[in-house]
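For reference, the structure is listed below as structure tokens.
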Amino acid sequence: MEDSILYDLPTEFFADMAASSGYCDAQSILPVEGKYLCHCTCGAWDIESPDRDTGLALARAHTAQTDGTR
Ligand SMILES: [Zn+2]
1 MEDSILYDLP TEFFADMAAS SGYCDAQSIL PVEGKYLCHC TCGAWDIESP DRDTGLALAR
61 AHTAQTDGTR
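In this note's numbering, the protein residues as written are 1 to 70.
Okay, structure coming up:
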């Protein structure tokens with residue numbers, strides 16, 4: 001059995017899956033070093049936010065913009 005897999009990290013695997021979906025199925029807001037990294041499954045939305053509320057507001061604005069494109 002060959003044990004080597006292309007995806008070393010689950011997060012990389014997820015990111016790849018997300019980037020290939022092309023839809024705004026979900027947005028993630030992750031706290032990183034005092035700020036928040038916001039990502040969308042469509043792969044076209046990656047921003048930094050100073051706080052979680054701002055990230056959520058921006059996520060709503062993003063999905064509002066792209067809603068109905070699927
Ligand atoms: Zn999106």
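C-beta atoms are modelled at their ideal positions from N, C-alpha and C, and glycine is treated no differently.
Chain C contact for residue i (CB, 8 angstroms cutoff)
i          : result
residue 66 : Absent from the structure: chain C. Only one protein chain is present.
Paired residues, beta bridge with residue i - DSSP
i          : result
residue 48 : 37
For residue i, the nearest candidate out of the options (CA to CA)
i          : options           : result
residue 25 : 49, 35 and 44     : 44
residue 35 : 22, 23, 55 and 42 : 55
Inter-residue spacing [alpha-carbon to alpha-carbon] between residue i and residue j
i          : j          : result
residue 66 : residue 33 : 29 angstroms
residue 29 : residue 39 : 7 angstroms
residue 50 : residue 22 : 26 angstroms
residue 18 : residue 53 : Here the model assigns residue 18 a pLDDT of 49, short of 50, so the residue's position is not dependable and the matter cannot be decided.
residue 64 : residue 58 : 10 angstroms
Check: residue i C-beta below 7 angstroms from any heavy atom of ligand 1
i          : result
residue 44 : yes
residue 24 : yes
residue 40 : yes
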